[in-house]
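Reviewing the structure listed below.
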Amino acid sequence: MAMLKKVFEQPAPSGKETTDAGLMGEAELRRVTADIGNPGRPIRWGAWLLALGFCGFIVWAVTAPLDEGVPAPATVMVDTKRQTVQHLTGGLVREILVREAQRVKAGDVVMRLDDNVAKANYQAARQQYFSARAQESRLEAERKGAAQIVFHPDLLAAREDSIAAEYISVHRQVFLSRRAALQGQQSILEQTHKATQETLRGLTAQLEGKQAQLKLVSVQLAGTRELAKEGYLPRNRWFDEERLAADLTASVGDLTANIARTRNSLLELELRIVQLKREFLRDAETQLAETTRDAQVAGERLRAAREELARTEIRSPADGFVVGLAAHTVGGVIAPGARIMDVVPEGVPLTLEARVEPHLVDRIHADLPADIRFHTFVDIPNLVIDGRVMSVSADLVADQPNIPPYYLARVAVTPQGMKDLGQRQLQPGMPAEVVIKTGERTLMMYLIKPLIRRVSSSFREG
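Here the sequence shown is numbered in numbering that gives the first Met the number 0, starting from 0 and rising by one per residue.
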């Protein structure tokens, strides 16, 4: 009707234009009149269009693949994580050498603790160790019968030190004095042995002389005895020669006994000389075994004291930046094992740690692709780059009381993701969203799967 009204309200043309306009007006009038007579035609066209659009949507919903994934909040982390700086025993802060966010290198001293007690323990352990090693070297030289001491390499390396030099000098003097005492005792015994040998030679010579006299007297006595029996010689002379023979026999016996005693004395002296050396060596060996054990114990104690002294200088474990500095007061106390600061390593690859809800962990595994979404860049507030799952934790992680337990998935940025990132820099601690792609499914499956799960659950409940 509106079109009909529009046609009738148009102004009438003039001349030739009137004739052409009249013809066109009549045709349009007939078309409009036909449409007015058939009002269902536009409705049918609209219905067909709606049906066609709905069918197209259904076909797209059933056939068009959509990515299926597991969403998880994530945080950018250093691949080796932060390096926490701690101290084993704690102590008093003497000097703080770094500030928050300061760049440090591995091995740089970042803090010093009071070292008075550690130095005292180190010096005491050092003295014990040098003393034990010096005594061990002396006893080893005595056991070998060496002319001089070959000191332990640790003592020789530290001979410029006053403590080491003192122990070297003391035990060298002890070595010389003990060797002189041993040699003195040996000399006395050897001199006694030599004198006894001379005595033995004298007694032997006397014995030989007496035996020769006795032999002559015995021959003479035999003749005198026969002559005296026949009366050619007085009996007194016979008796005198008998007495002389008896005296010579007694002298020979005494000399033989003295020679035997002298020989026994020589054997005893020789045995004493051998025993003196053996006792000296046995004493050195006994003391050496005990001293070696003491030196080993003292060495362990010295190493522990040296490490304790070295730990008074707290050093950076890696190249990076200081974060979370917890000690700010010189003279303050650091508790044993307490966190002093963290060092975020520099030049180490960055990864993302995604917190996956426990009921979704069965759908993910290593080497799955992932989309990483950042909202922190000003130029592109919704930047998405490619990533890939490196690993999934084998058990729940419950390290923070205010966060429910989760499975930890580590996601790395792919080379293509690094290209998409461009000049933008990822920083440790930066938040992100990760969608781990687990496959594809259609929109229809997205819509009906919850319904199917609900119906299945209802049947199980029934």
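Heads up, the beta-carbon is just placed ideally off N, CA and C, and yes, glycines get one too.
task = Put residue 344 into one of helix, strand or coil per three-state DSSP.
result = For residue 344, the three-state secondary structure derived from DSSP is strand.
query = Just curious, the beta strand (DSSP E) that residue 388 is in, first and last residue?
reply = 382 to 391
ask   = Given a threshold of 16 other Cβ atoms within 10 Å of its Cβ, counted over all protein chains shown, does residue 156 qualify as buried or as exposed?
value = exposed
message = Could you compute how far the alpha carbon of residue 361 sits from the alpha carbon of residue 295?
response = 56 Å
message = Taking DSSP's pairing of strands, which residues face residue 350 in a bridge?
response = 76, 411
key: Same chain only: Cβ atoms within 7 Å of residue 105, ignoring 5 sequence neighbours per side   = 315, 316, 317, 318
Residue range of the alpha helix (DSSP H) that includes residue 368 = Looking at the DSSP string, residue 368 is not in any alpha helix (DSSP H); the run it does join, the beta strand (DSSP E), is 368 to 373.
request  = Could you check which residue in 402, 418, 354, 399 has the C-alpha nearest to that of residue 434?
outcome  = 354
ask   = Out of 309, 83, 167, which has the shortest C-alpha to C-alpha gap to residue 336?
value = 83
inquiry  = Suppose the cutoff is 7 Å on Cβ atoms and the five residues either side in sequence are ignored; what does the same chain contact list for residue 164 look like?
reply    = Contacts found: 158.
Neighbourhood of residue 129 by C-beta, 6 Å cutoff - its chain only, sequence neighbours within 5 removed = 162, 163, 166
key: Contact the segment 44 to 53 vs the segment 410 to 424: 3+ CB pairs below 8 Å   = no
query = Between the C-alpha atoms of residue 90 and residue 328, what's the straight-line distance to the nearest angstrom?
reply = The alpha-carbon atoms of residue 90 and residue 328 are separated by roughly 13 Å.
query = Three-state secondary structure (DSSP) at residue 258?
reply = Assigned with DSSP and collapsed to three states, residue 258 falls in helix.
request  = Return the residue from the list 387, 379, 437 that minimises the CA-CA distance to residue 423.
outcome  = 379
request  = Scan the segment 84 to 118 and note each continuous beta strand (DSSP E) run of 3 residues or more that stays entirely inside, going in chain order.
outcome  = Runs found: 90 to 95, 108 to 112.
ask   = Are the Cβ atoms of residue 283 and residue 189 separated by less than 8 Å?
value = no
Outcome for residue 151 when other beta-carbon atoms lying within 10 angstroms are tallied against a minimum of 16 = buried
request  = Hey, could you find the ends of the beta strand (DSSP E) residue 310 is sitting in?
outcome  = Neither: residue 310 is in no beta strand (DSSP E) and is coded neither H nor E.
Closest residue to residue 199 among 143, 178, 147, 264 (Cα-Cα distance) = 264
message = Using 8 Å as the threshold, is the C-beta distance between residue 290 and residue 131 below it?
response = Taking 8 Å as the cut-off, the Cβ atoms of residue 290 and residue 131 count as close.
key: Straight-line gap, residue 366 to residue 409 (C-alpha atoms, nearest Å)   = 10 Å
ask   = For the segment 205 to 218 against the segment 168 to 183, are there 3 or more C-beta pairs whose distance is under 8 Å?
value = no
key: C-alpha gap between residue 22 and residue 42, whole angstroms   = Its pLDDT being 45, under 50, residue 22 is placed unreliably by the model, and the measurement read from it follows with that caveat. C-alpha separation (whole angstroms): 29 Å.
message = With H, G and I counted as helix, E and B as strand and the rest as coil, what does DSSP make of residue 338?
response = strand
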